[in-house]
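Numbered by this note's numbering, the letters in the sequence shown go through residues 4 to 431 in order. First the structure, in the form of structure tokens, and then the observations on it.
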Amino acid sequence: MTETGFNAYKMAQDQFDKVAQQLDLDQATKELLRQPLREYHFLIPVRMDDGKVKVFRGFRIQHNDARGPCKGGIRFHPQETADTVRALSMWMTWKCAVLDLPLGGGKGGAICDPHDLSQREQELLCRGWVQQICRDIGPFRDVPAPDVMTSGQHMLWIMDEYEKITGGRYPGMITGKPVGFGGSLGRTEATGYGVIFCLREALLDLGMDIKKTTAAVQGFGNVAQYAIELYQEYGGITTIVSCWDQKDKQSYAYKKSEGVNLDELRSISDRFGGINKQKATSLGYESLPGDNWLSAPVDILIPAALENQLTATTIKKIQKTVKIIIEGANGPTTPEADEHINNQKILTIPDFLANAGGVVCSYFEQVQSNMNYYWDKNRVLGELDDRMTKSFHDVLNLSKKRNISMRDAAYMIAISRVAESCKARGWV
Ligand code: NAD
């Protein structure tokens, strides 16, 4: 439960219950899938730079591994709660299943603020985390990855400690490693490109020529920048990009009706995806404060920044021109807004399908690391395209067949695949 009273785990369970009912799952399967299979809660003592020992709280939660080893990130966050990690592990199970990856779902982390820790303290925390959990993770059990406030460096420390303890070389025990140290080419582009592979298919289905479309994007970070890159390569025009301004402590939308120039915007942005307002204005961009990106008269909206952006209030700004909303971010649409959008017949491509390119590429990294054979970038992006395209059509076909939203269809596919695996193994 957060300070605002929002409980992600309750939300994940409510979503599950709704679909379980539609799928008519039996009681045992429902019980098995609406909570994690296993939870590990542990303490990590770290000798800090001042010589004193500080005790951190760590987690690893494995929601379900019927389809394969668990997969999911490690977060370092001061407000982390067991319930948030439970919800995130459940969502990982559904994300892997809707993409038909042979993986389950897990999530973990430690309650800490890395900003308050030296590099040495962070390294000891990573090593301490593995020492507590090394018997229950591994290349064929549970494969972590970076998440909020963890990086490729943290993954390398975790891998090194795991290898020291187990006495072998197991680069496939973790993903998100830097390229050259077991990481996969294409990972940087994977999520944003995955969004556009889905968008391309959606436009084809609606009979719209991508070259004649316009889009508004919220965010200018990893997902947004690569989504804009591929969309523009396909000939689409991004007329508006919005991002957070650290100096003014508010967001701005940067607009150019003939289309933004990605290279130009990249050259005036910082590593957190913030665009320099003064430089943007001098380059001829109109800067509009607040959530103006939402009221742009475009064909496509791509929320690729934050959760809870399309709410019952903000969706009133959406123009009649909008045909598709594709969720690059996690959880950008509230359930009330979702209902309204469905009633308006705007096609919404849900987050756990649209932004799954990252986890697909993590799976490719796992495969490459386990084989100790690394693919070139074209192969990675080509296989990513194939997987995203197939999964998109699986979901679209079911949504048409049953006349339900793509979000409901994606949940139905994911949950029924996991339920079938549990049944086939004789668990239920
Ligand atoms: P990022 O930190 O690289 O970029 C975030 C962007 O959002 C920045 O440009 C920032 O300025 C902008 N932003 C923040 N607050 C804003 C606001 N109020 N209004 C407008 N813009 C705002 O993050 P990212 O990796 O691109 O991730 C974006 C979203 O996609 C998150 O929801 C993340 O969970 C999700 N996601 C990311 C990946 C991945 O591989 N990076 C994978 C799956 C899902």
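Just so it is clear, CB atoms sit at the ideal spot from N, CA and C, and this is done for glycine as well. This structure is a prediction, so every number in the text was calculated from the model and none was measured.
By the criterion of a C-beta distance shorter than 8 Å, LEU28 is surrounded in its chain by LEU36, ILE418, ALA422, once the five residues flanking it on both sides are discounted.
Partner residues in a beta bridge of LYS282, as assigned by DSSP, do not exist.
Annotation: the segment 299 to 364 contains the following complete segments of the alpha helix (DSSP H) (minimum length 4 residues), in chain order: 338 to 346, 354 to 357. When distances are taken from the beta-carbon of GLY108 to the heavy atoms of the ligand NAD, even the shortest one reaches 8 Å or more. By the Cβ-count criterion, ALA315 is exposed, with fewer than 16 other Cβ atoms from all chains shown falling within 10 Å of its own Cβ.
With distances taken between CA atoms, TYR229 lies nearest to ARG190 out of ALA256, GLN156, TRP247, ARG190.
Under the three-state reduction of DSSP output, TRP378 falls in the coil class, being neither helix nor strand.
Looking at LYS98, LEU207, VAL22, the one whose alpha-carbon comes closest to that of GLY76 is LYS98.
DSSP, reduced to helix, strand and coil, places LEU291 within a strand of the structure shown. Set against 8 Å, the gap from the CB of GLN18 to the closest heavy atom of the ligand NAD is not smaller. One Cα belongs to ASN264, the other to GLN322, and the distance between them is close to 24 Å. In the displayed model, LEU46 falls within a strand according to three-state DSSP.
In the three-state reduction of the DSSP assignment, LYS110 falls in the strand class.
For LYS258, the uninterrupted beta strand (DSSP E) run begins and ends at 253 to 258, by DSSP. The Cβ-Cβ distance between VAL398 and ALA307 does not fall below 9 Å. ALA256 places its beta carbon less than 9 Å from that of ASP294. The three-state reading of DSSP puts GLY75 in strand, counting E and B together. Under the three-state reduction of DSSP output, THR169 falls in the helix class. As a beta-bridge residue in DSSP terms, ALA148 pairs with GLY76.
The three-state reading of DSSP puts CYS201 in helix, counting H, G and I together. ARG78 sits close to GLY112, with the two beta carbons spaced by under 9 Å. The closest heavy atom of the ligand NAD lies 8 Å or more from the beta carbon of THR337.
Taking a cut-off of 8 Å for Cβ pairs, the segment 61 to 74 and the segment 138 to 150 touch, as three or more such pairs fall below it. Here the segment 335 to 343 does not lie against the segment 358 to 378, with fewer than 3 beta-carbon pairs under 8 Å apart. In the DSSP assignment, TRP247 falls within the unbroken beta strand (DSSP E) covering 240 to 248. DSSP, reduced to helix, strand and coil, places THR84 outside both helices and strands of the structure shown, so it counts as coil.
If you draw a straight line from the Cα of LEU106 to the Cα of MET51, it comes to about 37 Å. DSSP places ARG428 in the coil class of the three-state scheme, outside both helix and strand. Residue side-chain check: ASN333 places its Cβ nearer than 8 Å to a non-hydrogen atom of the ligand NAD. Remark: C-beta atoms of GLY239 and LYS259 do not approach each other more closely than 9 Å. Under the three-state reduction of DSSP output, LYS55 falls in the coil class, being neither helix nor strand. A distance criterion of 8 Å places the beta-carbon of SER245 in contact range of the ligand NAD, judged by its closest non-hydrogen atom.
Between ALA193 and CYS364, the C-beta gap is smaller than 9 Å, which places the two residues in contact. Contact check between the segment 233 to 250 and the segment 364 to 377: fewer than three CB pairs, one atom from each, fall below 8 Å, which does not count as touching. For the pair THR217 and VAL133, the CB atoms are not nearer than the 9 Å cut-off. Contact between THR351 and ILE318 does not hold, since their C-beta atoms are separated by about 11 Å, which reaches or exceeds 8 Å.
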